[in-house]
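Right, one structure below, let's go through it.
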Amino acid sequence: MEKSAKIYIAGHHGLVGSAIWRNLQEKGYTNLTGRSHKELDLLDGVAVKDFFDQERPEYVILAAAHVGGIMANSTYRADFIYKNLQIQQNVIGESFRHGVKKLLFLGSTCIYPRDAQHEGGCSPHLPAGIYE
Ligand SMILES: NC(=O)c1ccc[n+]([C@@H]2O[C@H](COP(=O)([O-])OP(=O)(O)OC[C@H]3O[C@@H](n4cnc5c(N)ncnc54)[C@H](OP(=O)(O)O)[C@@H]3O)[C@@H](O)[C@H]2O)c1
1067 MEKSAKIYIA
1077 GHHGLVGSAI
1087 WRNLQEKGYT
1097 NLTGRSHKEL
1107 DLLDGVAVKD
1117 FFDQERPEYV
1127 ILAAAHVGGI
1137 MANSTYRADF
1147 IYKNLQIQQN
1157 VIGESFRHGV
1167 KKLLFLGSTC
1177 IYPRDAQHEG
1187 GCSPHLPAGI
1197 YE
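Numbering (the working numbering), first residue to last: 1067 to 1198.
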């Protein structure tokens, strides 16, 4: 990536997104862009399209998600699957439609319902039975 490339970090106020933002700044990337949840609700497909139309990022890091930990994702399963698939659909879809060069998607098991099946019976990051 060129140091002047426009990089959109979705969720740049969150734990992961803010660390990535700082790390890129330290490495000399000068054209970072982000919006708070208040400024841009990633569940709103029209607003996400408008944002991509205006900003035209070359690279996208998706670190925005409805995150709540292992208790919440076993209690509010429908919220987790609905909100996170919607955020992913909007951000990944607009990245594709706007010709983004590369997209990095960070998503661990805690953004999916507690007992969701993962390929191979476990998540890419965590062994099966991690919550037991
Ligand atoms: N933390 C970890 O150790 C870890 C490890 C591996 C992967 N991950 C993954 O990294 C991603 C982020 O995790 P995190 O720990 O950084 O979570 P976090 O601190 O809760 O950050 C999530 C960010 O997403 C934003 N967000 C949520 N819903 C949104 C919406 N509808 N529109 C716009 N922004 C929205 C939040 O804004 P508000 O707070 O204002 O709602 C927040 O800034 C998740 O997919 C997670 O699975 C995390």
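Backbone N, C-alpha and C fix where the C-beta goes; we use that ideal spot for every residue, glycine too.
Among L1109, R1143, Y1095, the one whose alpha carbon lies nearest that of G1077:
L1109
| query | For Y1074, which three-state DSSP category applies? | reply | strand
| said: Considering only the alpha carbon of each residue, which of W1087, R1180, S1174 lies closest to Y1095? | reply: W1087
Point to revise | Candidates S1102, K1069, K1104, V1114, of which the one nearest N1089 by Cα | key: K1069
Q. Is it right to say F1162 is buried, meaning 16 or more other beta carbons lie within 10 angstroms of its own, or is it exposed?
A. exposed
* Asked: For the alpha helix (DSSP H) that contains Y1148, what are its first and last residues?
  -> 1143-1163
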